[in-house]
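Report on one structure; see the data block that follows.
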Amino acid sequence: MAELNEQIRDWVVAPNFWHLATVNQDGSPQVSPMWIDVEGGFIVFNTAIGRVKEENLRRDPRVSLSCLDTVDPYDRVVIHGRAVEFVEGDEADRCMDRLAKKYVGTDRFEWRIPGERRVKVLVEPTRVRHVVGVEPFRRGRLG
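The sequence shown lines up with residues 217 to 359 when you count with our numbering.
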């Protein structure tokens with residue numbers, strides 16, 4: 217598991233919007249803006265059961281998350297990882313309420329759809345990068 221250093225953890229703990237990329241069944245990317253947080257060394261987010269991202273992650277756990285500074289879009293964080301746990305029921309509902317408190321200041325997630333079931337997803341980070349400016353080329357990639 218890649219470590220979330222203090223600087224990266226600060227990005228995750230702040231109410232920043234992150235883009236979550238998963239892999240569709242046909243291999244194409246699927247991207248969703250997400251609320252996220254951290255639990256221990258894991259990234260956590262929440263979605264409804266039956267959403268494309270949830271189905272994609274149960275089939276292929278690879279995930280990429282990215283966030284950029286809204287003041288300086290050349291300052292950004294990218295986290296690669298894999299979904300390692302899916303938690304349903306009361307714990308998932310409490311997680312969604314915590315995220316709502318963090319992002320919109322309400323005690324409960326107020327946009328639930330009747331009959332919707334939530335799932336908390338824990339992601340194990342495998343690679344974490346903080347990039348400011350133009351990312352350098354990887355060795356051996358220049359013509």
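By construction, the Cβ of each residue, glycine as well, lies at the ideal position given by its N, Cα and C atoms.
Measuring only the C-alpha atoms, how far is residue i from residue j?
| i | j | result |
| --- | --- | --- |
| VAL268 | ARG333 | 14 angstroms |
| ARG278 | GLY243 | 12 angstroms |
| PHE233 | THR263 | 14 angstroms |
| VAL303 | VAL337 | 6 angstroms |
| GLY297 | GLU340 | 5 angstroms |
| ILE329 | ALA316 | 15 angstroms |
| HIS346 | VAL300 | 23 angstroms |
| ALA237 | SER248 | 7 angstroms |
| TRP327 | TYR319 | 13 angstroms |
In chain order, what residues of the same chain lie with their CB nearer than 6 angstroms to the CB of residue i, ignoring the 5 residues before and after it?
| i | result |
| --- | --- |
| PRO344 | Per the sequence shown, residue 344 should be read as Val rather than Pro. Within the same chain, VAL344 has close Cβ partners ALA218, ILE224, ILE295. |
| ASP285 | ASP291 |
| PHE261 | MET250, ILE252, VAL337 |
Go to residue i, then tell me how far its alpha helix (DSSP H) extends in each direction, as first and last residue.
| i | result |
| --- | --- |
| ARG314 | 306-320 |
| TRP227 | 222-229 |
Span of the beta strand (DSSP E) holding residue i?
| i | result |
| --- | --- |
| VAL335 | 334-348 |
| VAL268 | First-last for VAL268: 268-275, but that is the alpha helix (DSSP H), not the beta strand (DSSP E). |
| GLU255 | 252-255 |
| ALA218 | No beta strand (DSSP E) holds ALA218; DSSP gives it neither H nor E. |
| THR286 | THR286 -> no beta strand (DSSP E), and no H or E assigned at all. |
| ASN262 | 258-264 |
Judging by CA-CA distance, which residue of the options is the nearest neighbour of residue i?
| i | options | result |
| --- | --- | --- |
| GLN241 | ASN272, ARG355, LEU281, PRO249 | ASN272 |
| GLY331 | SER280, ASP288, GLY305 | GLY305 |
| GLY257 | GLU222, HIS235, GLU326 | GLU222 |
| ASP276 | GLN246, GLU255, VAL293, GLU307 | GLN246 |
Using a Cβ-Cβ cut-off of 8 angstroms (strictly less than) and excluding sequence neighbours within five positions of residue i, which residues of its own chain qualify?
| i | result |
| --- | --- |
| VAL350 | TYR290 |
Tell me which residues share the same chain as residue i and place their Cβ nearer than 7 angstroms to its Cβ, disregarding the 5 neighbours each side in the sequence.
| i | result |
| --- | --- |
| ILE259 | VAL228, ILE252, LEU281, ILE295, GLY297, VAL339, PRO341 |
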